[in-house]
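Letter by letter, the sequence shown follows residues 38 to 174 in the numbering used here.
Glycine included, every Cβ here is placed at the ideal spot set by N, Cα and C.
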Amino acid sequence: MEMHHEALSEALHGDNVGLNVKNVSVQDVCRGYVAGDNKNDPPMEATGFTAQVIILNHAGQISARCAPVLDCHTAHIACKFAELKEKIDRCSCKKPEDGPKFLKSGDAAIVVWFQESPCVLRTSLIILLWVVLLFVK
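Here is the structure:
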C-alpha cells in the first residue's frame, strides 16, 4: 500500500492510497471491484439499510418510494426510500412523529432505503449511515 509513491503501513480516513496485490494484473481489476478480508469479515452486498436523512433544499414533499441517487464514498447508487420510520428534531434528536407520511425541506428523519443496483457497505455504515440529501429545484 502506498500514498504518493511512499510505502504506508496503515491508511486512515481520507487518505488516497494505491494498492498492489501479488499475482493480480492491473488489467484484471475494474472500477467498482471490492477488496476485503475474505476469511474473517468478507464483503457482502447490502440489499437495504437504515439512515438518518436531512432534507436541505426541496420544493414540495418527499414520501416513501422517492428515488434519489445516493453518493457513498465514490459510488453513485440508485436508491428508493422503502419506509419513513420516524421524523426527528435536528436540535434535540427527539422523535416528534413516528411513521410520517412525507418529509419537506428542513426535516430530518430515519429512513429505510433499498438499492436498485448492487453495492457493498461496511457493517458500521449499514447500521446507521448519515446521509445528507441536497435536492435542487
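(request) Measure the Cβ-Cβ separation of residue 122 and residue 157 and say whether it is below 9 Å. (result) no
(message) With DSSP as the reference, identify every bridge partner of residue 124, one or two as the case may be.
(response) For residue 124, the pairing in a beta bridge is given by DSSP as 134, 146.
(message) Just to confirm before moving on: does the CB-CB distance between residue 124 and residue 117 stay below 9 Å?
(response) no
(request) Kindly indicate which three-state DSSP category residue 98 falls into: helix, strand or coil? (result) coil
(message) On the criterion of 16 or more Cβ atoms from any shown chain inside 10 Å, does residue 95 qualify as buried, or is it exposed?
(response) buried
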